[in-house]
Amino acid sequence: MEVVWNTRYNTGIQIIDEQHQELFATVDRLRSSVQSGADRTEIETLLATLVSHSERHFATEEAFMARFGYPDLTQHVAEHASMLTSLHELHNKFRESHHTLALMIPTFMEGWLKHHISDGDFGFVTFLKSRNLA
Numbered sequence: 001m002e003v004v005w006n007t008r009y010n011t012g013i014q015i016i017d018e019q020h021q022e023l024f025a026t027v028d029r030l031r032s033s034v035q036s037g038a039d040r041t042e043i044e045t046l047l048a049t050l051v052s053h054s055e056r057h058f059a060t061e062e063a064f065m066a067r068f069g070y071p072d073l074t075q076h077v078a079e080h081a082s083m084l085t086s087l088h089e090l091h092n093k094f095r096e097s098h099h100t101l102a103l104m105i106p107t108f109m110e111g112w113l114k115h116h117i118s119d120g121d122f123g124f125v126t127f128l129k130s131r132n133l134a
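Counted the way full-length UniProt numbering counts, the sequence shown spans residues 1 to 134.
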């Protein structure tokens with residue numbers, strides 16, 4: 001099953017949307033690699049890419065939110081920090097028991113991305129629109 005970007009996740013902020021699409025594509029590549037039985041090194045590389053893309057994306061979102069004085073910034077940053085902690089833990093655990101965990105990570109990430117964009121990121125978009133900033 002593919003992890004597919006859907007236009008319902010468009011925020012209207014180009015860089016944010018591009019990074020969301022990149023995250024979905026990375027999760028999909030990871031899922032495909034795991035399902036096709038890719039070697040441990042390939043999966044490890046994709047996990048590292050996912051961590052890196054997530055860190056960069058969260059920093060981008062947080063900078064936008066801080067710039068516009070988003071009132072829920074603290075909560076949003078906490079969600080990002082929690083996600084990064086979980087992602088780093090999963091990456092570290094992958095090194096111990098790679099196959100079983102590798103199967104879980106794409107499902108975990110896909111669910112988190114969909115929920116976070118729909119519930120968290122759209123709160124920021126609504127905030128921007130209410131102030132005619134987007």
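Note that the Cβ used here is the ideal one computed from N, Cα and C, for glycine as well. These numbers come from a predicted model, not from an experiment.
Within 7 Å, strictly: CB atoms of residue i and residue j
{"i": "residue 27", "j": "residue 83", "result": "no"}
{"i": "residue 62", "j": "residue 120", "result": "no"}
{"i": "residue 53", "j": "residue 90", "result": "no"}
{"i": "residue 51", "j": "residue 87", "result": "yes"}
{"i": "residue 154", "j": "residue 11", "result": "Only positions 1 to 134 of the chain appear in this structure, which leaves residue 154 out of reach."}
{"i": "residue 105", "j": "residue 9", "result": "no"}
{"i": "residue 64", "j": "residue 133", "result": "no"}
Simplified DSSP assignment, three categories, for residue i
{"i": "residue 120", "result": "helix"}
{"i": "residue 131", "result": "coil"}
{"i": "residue 58", "result": "helix"}
{"i": "residue 77", "result": "helix"}
{"i": "residue 43", "result": "helix"}
Rounded straight-line distance, which links the Cα of residue j to that of residue i
{"i": "residue 85", "j": "residue 72", "result": "20 Å"}
{"i": "residue 36", "j": "residue 25", "result": "16 Å"}
{"i": "residue 76", "j": "residue 107", "result": "22 Å"}
{"i": "residue 49", "j": "residue 39", "result": "16 Å"}
{"i": "residue 32", "j": "residue 42", "result": "11 Å"}
Anticipated Cβ contact below 8 Å, residue i with residue j, distance rounded
{"i": "residue 19", "j": "residue 5", "result": "That belief does not hold up - the Cβ atoms of residue 19 and residue 5 are roughly 11 Å apart, past 8 Å."}
{"i": "residue 70", "j": "residue 122", "result": "Their Cβ separation, rounded to whole angstroms, is 12 Å, which puts residue 70 and residue 122 out of contact at 8 Å."}
{"i": "residue 94", "j": "residue 30", "result": "With 8 Å as the limit, residue 94 and residue 30 do not qualify as a contact, their Cβ atoms being about 11 Å apart."}
{"i": "residue 74", "j": "residue 16", "result": "Between residue 16 and residue 74 the Cβ distance is about 19 Å, and since that is not below 8 Å, they are no contact."}
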